[in-house]
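The opening position of the sequence shown corresponds to residue 1 in the working numbering, with each subsequent residue numbered one higher.
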Amino acid sequence: MEECLQQVQNQVESIFDNIDAQLDQILKSTSYAIDDNQQNSLQTLISEYSDNFPCHKFENLNFVEQLYQVMQPLITNYMKKKELQDQLSQNEQQTNLQIKEVTEGMVQECENEKSNISMSMEPKLQDQDKGSQTLVENIDANIISIQSSILQSSYLQKMKPYCYQLIQDYSFQQNEICFAIALNKSSSTLVAGCRSQIKLFEFSLNEHKSSVFTLNFMKKSNHFISGSRDGTIIIWQKIQQNLWSKQQILNGHSHQINCLVINNNEDQIISGSDDKAIKIWAKKNEWLCQQTIKDHSKSVYGLSLNSQQNRLISCGFDKFILIREQSELNKEWITVQKLTIEQDGYRICFIDDNTFVFSPYNTEKLQVFEMNDINKQFIQTQDISVKCGLDGQCFFPSQFIDQKQILVFKNGEFINLIRKKSNGEFVTEQSINFETNSFFGSMSDDGEYLITWDNKSNQIQIRKQMEK
């Protein structure tokens, strides 16, 4: 009889252990919404449940009565747990709704304030010098920065681990090499530089005489920009549905275009080349070369602007990182710091106004540089471990997706997708191995899609962000 009762007791213990484990798993998934008091209440319930159950022993009395005595408090505790879990779920939904309402409200306030300032200053601007226009531009930049911070805060509240999964049905064969790929702001148009052709899915544009190495969409207008091995930069304009026309050719570089960035106002293009020069192109009635910078002694491979658009960094194969600031008087870029580095590099990327990440050639690490608050000089502060493999291709520019705090770096045979946490730490979420260093691509502005071409699959492949 005692053996039988002991077996029943063991089975009951096992059943409740399983229930307890499942409940704990459910509660862990919503732990970010639990405050300290709720957490303590949970721990008390779990402790009582776990500690008291083994103390009950079945005596040689009425078995049903004893079983009821043991199970009754456990069932009560289970119901309390379930009520608390339901309450936590409701709190989570309310919190997310509040975050959304506050975010939308603040963004709308920013837009209203921007509109009011613009309206009040418009008559004055007609009689003021360039200083007034600079003030308006600074206000614009500050509002954009505030909006970006609000979106970051909202995203960080609900950020979860992710990965990019290949969508085979959306991928398509492309046998010619594609050095550059870009998506427009809405991810509705994809362009690829396939040798000297620019392909927009079913039709192509033929103006460059050699391979296309850079592609950049403008976000405020229906234009994109291409840079080529032939040293030219072409501005393309959409004139009607699925029809693009060459608007202007920029001649100035004597060798191939390796990198190109556009400022947020889309009135300045910055290009880097094998001719060791960085050229600043400004939009007047047409695009003209405003400044030529010749501080590098070898090819320029990487360019990046910070959030406020007042700092420009560059890297190349001369073991230097150059930091420049823009003069408020004549808008020229002035070199303010020259960082000596141990290894050359293809890629560099600002992640905020005072922090950038550099990728040394053929190494399994990224280097993080931050500005010192006292002397205003950049210094290296940490390394990020990444996967690499054999390096050897300079194309595929690095990106930082501000909205989702995702850093995109090609290193050798891998794409490394790195998340910046709210505490400033960096976590590698995914490393995609292409088993070749001849792959190129880009991520959409919203961080939803990763588009690549590689010479192993000979496909343009589309990957979509999915929660793990």
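Where is the CB? At the ideal position from N, CA and C, for every residue including glycine. As the structure is a prediction and not an experimental result, all values here were calculated from the model.
Check: Taking the alpha carbon of T340 as the reference point, which residue from Q377, I351, E325, S307 has its own alpha carbon closest?; Outcome: Q377
Check: Can you tell me where the beta strand (DSSP E) holding K464 begins and where it ends?; Outcome: 459 to 467
Check: Ignore the nearest five residues each way along the sequence and tell me which others in S431's own chain have a CB closer than 8 Å to its CB.; Outcome: V386, K387, F414, I415, N416, L417
Check: Assuming I351 contacts L407 (C-beta within less than 8 Å), just tell me the rounded distance between them.; Outcome: 7 Å
Check: Tell me which same chain residues have a C-beta within less than 7 Å of the C-beta of N310, skipping the five on either side of it?; Outcome: E325, Q326
Check: Name the one or two DSSP bridge partners that G412 has.; Outcome: None, per the DSSP bridge assignment.
Check: Could you check the C-alpha separation between D445 and E83 for me, to the nearest Å?; Outcome: 42 Å
Check: Within a Cβ cutoff of 6 Å, which residues of the same chain sit near E332, ignoring the five residues on either side of it in sequence?; Outcome: Q291
Check: My assumption, with CB atoms under 8 Å, is that C349 sits in contact with V357. Please give the rounded CB distance.; Outcome: 5 Å
Check: Taking Cβ positions, are Y449 and I460 nearer each other than 8 Å?; Outcome: no
Check: Rounded to a whole number of angstroms, what is the C-alpha to C-alpha distance between N424 and Q168?; Outcome: The amino acid at residue 424 is misidentified as Asn; the sequence shows Gly. The alpha-carbon atoms of G424 and Q168 are separated by roughly 35 Å.
Check: Among K294, D353, W244, which residue has its Cα nearest to the Cα of I334?; Outcome: K294
Check: Rounded to a whole number of angstroms, what is the C-alpha to C-alpha distance between F224 and M371?; Outcome: 33 Å
Check: Locate the beta strand (DSSP E) running through H255, then write down its first and last residues.; Outcome: Looking at the DSSP string, H255 is not in any beta strand (DSSP E), and its letter there is neither H nor E.
Check: Among N437, S359, Q403, which one has its Cα closest to the Cα of G392?; Outcome: N437
Check: For N265, is the classification buried or exposed, using 16 other Cβ atoms within 10 angstroms of its Cβ as the cut-off for buried?; Outcome: exposed
Check: When DSSP labels each residue in this structure, what does E328 get in the three-state scheme?; Outcome: coil
Check: Grouping DSSP H, G and I as helix and E and B as strand, with all else coil, what is F396?; Outcome: coil
Check: Return the CA-CA distance between K464 and L166, expressed in angstroms with no decimal places.; Outcome: 7 Å
Check: Counting only the same chain and skipping the five closest in sequence on each side, list residues whose C-beta sits under 7 Å from that of L435.; Outcome: One detail in the question is off: residue 435 reads as Glu in this sequence, not Leu. Contacts found: E413, K456.
Check: With DSSP as the reference, please indicate the residues paired to P360 in a beta bridge.; Outcome: G345
Check: Please find out if some non-hydrogen atom of the ligand ZN comes closer than 7 Å to the beta-carbon of I249.; Outcome: What this structure holds is no ligand at all, so the ligand ZN is not there to describe.
Check: Here's a check: name, in chain order, each residue in its chain whose Cβ is nearer than 7 Å to the Cβ of D454, leaving out the five neighbours to either side.; Outcome: F434, T436, S438, F439
Check: If you draw a straight line from the alpha carbon of T189 to that of L250, how long is it in whole angstroms?; Outcome: 24 Å
Check: What's the call for T232, buried or exposed, on a 16-neighbour Cβ count within 10 Å?; Outcome: buried
Check: Spatial neighbours of S398 within its chain, please: C-beta separation below 8 Å, excluding the five flanking residues on both sides.; Outcome: G302, S304, R347, I348, C349, V357, S359, L407, V408, F409, K410
Check: Counting only runs of 3+ residues fully inside the segment 261 to 291, write out the beta strand (DSSP E) ranges in chain order.; Outcome: 268 to 273, 278 to 283
Check: Determine, using beta carbons only, whether D344 and F369 come nearer to each other than 8 Å.; Outcome: no
Check: So what's R218 in DSSP terms, helix, strand or just coil?; Outcome: The displayed chain sequence assigns Met, not Arg, to residue 218. Three-state DSSP puts M218 in coil, outside helix and strand.
Check: Should V427 go down as buried or exposed, given a rule of 16 or more other Cβ atoms within 10 Å for buried?; Outcome: exposed
Check: Kindly indicate which three-state DSSP category T452 falls into: helix, strand or coil?; Outcome: strand
Check: Straight-line CA distance for N258 to S271?; Outcome: 8 Å
Check: If you run the structure through DSSP and keep just helix, strand and coil, what is D318?; Outcome: coil
Check: Could you tell me which residues DSSP puts in a beta bridge with C178?; Outcome: C194
Check: Starting from the Cα of C194, find the closest Cα among N206, I177, E207, N354 and give me that residue.; Outcome: I177
Check: When you compare only the Cα positions, how much space is there between K185 and T76?; Outcome: 55 Å
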